[in-house]
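Let me begin by presenting the structure, written as structure tokens, before commenting on it.
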Amino acid sequence: MRRRTPILVLIVATIAMALPLARAQAPNSAPATALAELRAAAEKGDAESEFKLGGLYYRGEGLALDYDQAAKWYAKAAAQGFAAAQFDLGTMYEDGTGVPQDYKEAMKWYTKAAEQNVAAAQYNLGLIYFLGEGVPQDYKEAAKWYTKAAEQGDADAQYNLGLMYEKGQGVPQDYQATLKWHTKAAEQGDTRGLFSLGLLYFEGSGVPQDFGQALKWFTMAAEKGSAAAQNNLGEMYETGRGVPQDLMQAAKWFTGAAEKGDAEAQFNLAGLYFVGQGVDQDYAQAQKWLIKAAEQDLAPAEYNLGVMYEEGQVAAKDYKEAMKWYTKAAEQGDADAQNNLADMYEEGHGVAQDIVRAHMWYSLAAASATGDVKNDATESLNRLAAKMTPQQLAQAKAMSQRCQQSKFKTCN
Numbered sequence: 000m001r002r003r004t005p006i007l008v009l010i011v012a013t014i015a016m017a018l019p020l021a022r023a024q025a026p027n028s029a030p031a032t033a034l035a036e037l038r039a040a041a042e043k044g045d046a047e048s049e050f051k052l053g054g055l056y057y058r059g060e061g062l063a064l065d066y067d068q069a070a071k072w073y074a075k076a077a078a079q080g081f082a083a084a085q086f087d088l089g090t091m092y093e094d095g096t097g098v099p100q101d102y103k104e105a106m107k108w109y110t111k112a113a114e115q116n117v118a119a120a121q122y123n124l125g126l127i128y129f130l131g132e133g134v135p136q137d138y139k140e141a142a143k144w145y146t147k148a149a150e151q152g153d154a155d156a157q158y159n160l161g162l163m164y165e166k167g168q169g170v171p172q173d174y175q176a177t178l179k180w181h182t183k184a185a186e187q188g189d190t191r192g193l194f195s196l197g198l199l200y201f202e203g204s205g206v207p208q209d210f211g212q213a214l215k216w217f218t219m220a221a222e223k224g225s226a227a228a229q230n231n232l233g234e235m236y237e238t239g240r241g242v243p244q245d246l247m248q249a250a251k252w253f254t255g256a257a258e259k260g261d262a263e264a265q266f267n268l269a270g271l272y273f274v275g276q277g278v279d280q281d282y283a284q285a286q287k288w289l290i291k292a293a294e295q296d297l298a299p300a301e302y303n304l305g306v307m308y309e310e311g312q313v314a315a316k317d318y319k320e321a322m323k324w325y326t327k328a329a330e331q332g333d334a335d336a337q338n339n340l341a342d343m344y345e346e347g348h349g350v351a352q353d354i355v356r357a358h359m360w361y362s363l364a365a366a367s368a369t370g371d372v373k374n375d376a377t378e379s380l381n382r383l384a385a386k387m388t389p390q391q392l393a394q395a396k397a398m399s400q401r402c403q404q405s406k407f408k409t410c411n
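Numbering that gives the first Met the number 0 applies: residue 0 is where the sequence shown begins, and numbers increase by one.
In structure tokens:
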């Protein structure tokens, strides 16, 4: 969710009309005569002129940029009930621009503007209540103000209100309401709304599951640059859901999202390079993208990077690097990494041999893994236990419990 910028940018055309010679004489300057007339009107208490003069000071347009003067003139106009000035003054108090930062004052002026149906002010009030900035967090108040802004067509408010209905924050959980508001945002070209619609149809949340509709909305969001949508499109082309399987298309969309820094796309692209699907097989490229994803703490990437280092699939085997990445993934609860990390401790690869710690990690892996990994971890656990003393087993059990209770924060 993003903060609104001041609506100053929205009234440039209005000022240009009041100062018709500005662009003809010099870019970004106000003619002296028109400026003098504007100032005279402002000094006589004309609220609109006060607001416009504040705007010129705020932007440094025809006058030296001066936030103090901007705040002064906005305050004069705001005190007379000029809604746009109330909003901009609220923004200045919220940001601490030209005035000391003061959330209470920001709330005061946003509320006055919002009560005059300034949608941007209603949106900002919703966001402040949602985040609890300077006020107690209050989802009901957030939903109230988002609704007012959304009903005026504010796409940001429509999107955020849809999220609140999806999560049941301040309003009853209602996927149909999410669909309604995200559709309205999407119809205005809001990328997040487009992506959300794709996800609702993909998952069948509040609507019948429909991969064709998911593909449509993901494509629209992807073409507007949404990395998450590009990644999801890549997955649909990779698996053939809602579209004929096309691994080259999958690689294309994964690459676009990966280059934008999307960790899941980086991981998925690494997988294509590893097996040579849609791209030429290239372990070096696979490792490159795994590193990028792992550096964003994506556990499956950390685990697979550990495997590549352990097996030496790009360069010589590097057990220390394998240990590093297995540990990071294991501490996020990745059972595959926990099982491999236990092997490393048992064999003394990249670390001093430690059968107690190996037992701990086998135990953790066996508790959460499924299928072959669970069977392997259980067999290794039983085999190792037969070699250990009662004291070692008790220590390993205590370590495992402490690790689980701390959610893997105190495993080492």
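The beta carbon of each residue, even a glycine, is placed where N, CA and C say it ideally should be.
Would residue i and residue j be called neighbours here (beta carbons separated by less than 8 Å)?
i: TYR158; j: GLU132; result: no
i: ALA148; j: TYR122; result: yes
i: GLU49; j: ALA76; result: yes
i: LEU268; j: ALA257; result: yes
i: ARG340; j: SER362; result: Inspection of the sequence shows that residue 340 is occupied by Leu rather than by Arg. It is not a contact, given that the beta carbons lie outside the stated cut-off.
i: SER225; j: THR182; result: no
i: GLN265; j: VAL274; result: no
i: ALA328; j: GLU301; result: yes
i: ALA112; j: GLN151; result: no
i: ALA46; j: GLN68; result: no
i: TRP322; j: VAL350; result: At residue 322 the sequence reads Met, which differs from the Trp that was named. Yes, they are a contact pair.
i: ALA385; j: ALA376; result: no
i: TYR138; j: MET163; result: yes
i: ALA262; j: GLY241; result: no
i: TYR57; j: TYR66; result: yes
i: HIS348; j: TYR325; result: no
i: GLU330; j: PHE407; result: yes
Excluding five sequence neighbours on each side, which residues of the same chain lie with their C-beta closer than 8 Å to the C-beta of residue i?
i: ALA185; result: GLY192, LEU193, SER195, LEU196, TRP216, MET219
i: GLN286; result: ALA269, LEU304, MET307, GLN312, VAL313
i: MET398; result: VAL355, ARG356, MET359, CYS410
i: LEU289; result: GLN265, PHE266, ALA269, ALA300, ASN303, LEU304, MET307
i: GLN244; result: TYR236, GLU237, THR238
i: GLY44; result: LYS75, GLN79
What's the call for residue i, buried or exposed, on a 16-neighbour Cβ count within 10 Å?
i: MET247; result: exposed
i: PRO299; result: buried
i: ARG356; result: buried
i: ALA393; result: exposed
i: THR146; result: buried
i: LYS166; result: exposed
i: GLY203; result: exposed
i: LYS291; result: buried
i: ASP296; result: exposed
i: ALA63; result: exposed
i: GLU346; result: exposed
i: ALA31; result: exposed
i: LEU198; result: buried
i: ALA70; result: buried
i: ALA35; result: exposed
i: THR388; result: exposed
i: LEU126; result: buried
i: GLY169; result: buried
For residue i, I'd like the list of residues in its chain whose CB is within less than 6 Å of its CB, leaving aside the five on either flank, ordered along the chain.
i: PRO26; result: In this predicted model, PRO26 has a pLDDT of only 44, less than 50, meaning its place in the structure is not dependable enough to derive any value.
i: TYR109; result: GLY89, ALA120, ASN123, LEU124
i: HIS358; result: LEU383, ALA395
i: GLN136; result: none
i: GLN187; result: ALA154
i: VAL372; result: ALA334, ASP335, ASN338
i: TYR272; result: VAL278, ASP281, GLN284, ALA285
i: GLN391; result: VAL355
i: GLU98; result: In the sequence on display, residue 98 carries Val and not Glu. So the list reads ALA70, MET91, TYR92, once near-sequence residues are dropped.
i: ASP173; result: TYR164
Within its chain, find whatever has a CB closer than 7 Å to the CB of residue i; leave out the 5 residues flanking it on each side and keep chain order.
i: ALA221; result: ALA228, GLN229, LEU232, TRP252
i: LEU437; result: Past the edges of the chain, shown from 0 to 411, lies residue 437, and the structure says nothing about it.
i: ARG38; result: LEU52
Quick check on residue i - is its C-beta less than 8 Å from some C-beta in chain C?
i: ARG401; result: Among the chains of the structure shown, chain C does not appear; only one protein chain is present.
query = What are the complete alpha helix (DSSP H) segments, minimum 4 residues, inside the segment 27-51?
reply = 31-42
query = So, do the segment 209-221 and the segment 167-178 have three or more beta carbon pairs nearer to each other than 8 Å?
reply = no
task = Would you check if the segment 78-87 and the segment 37-57 touch, i.e. whether three or more CB-CB distances between them fall below 8 Å?
result = yes
query = Which ranges would you report for the beta strand (DSSP E) in the segment 147-215 if only whole runs of at least 3 residues count?
reply = none
query = What residue ranges within the segment 200-285 form continuous alpha helix (DSSP H) runs of no fewer than 4 residues, ordered along the chain?
reply = 210-222, 226-238, 246-258, 262-274
key: Ordered list of alpha helix (DSSP H) runs contained in the segment 322-381, each at least 4 residues   = 334-346, 354-367
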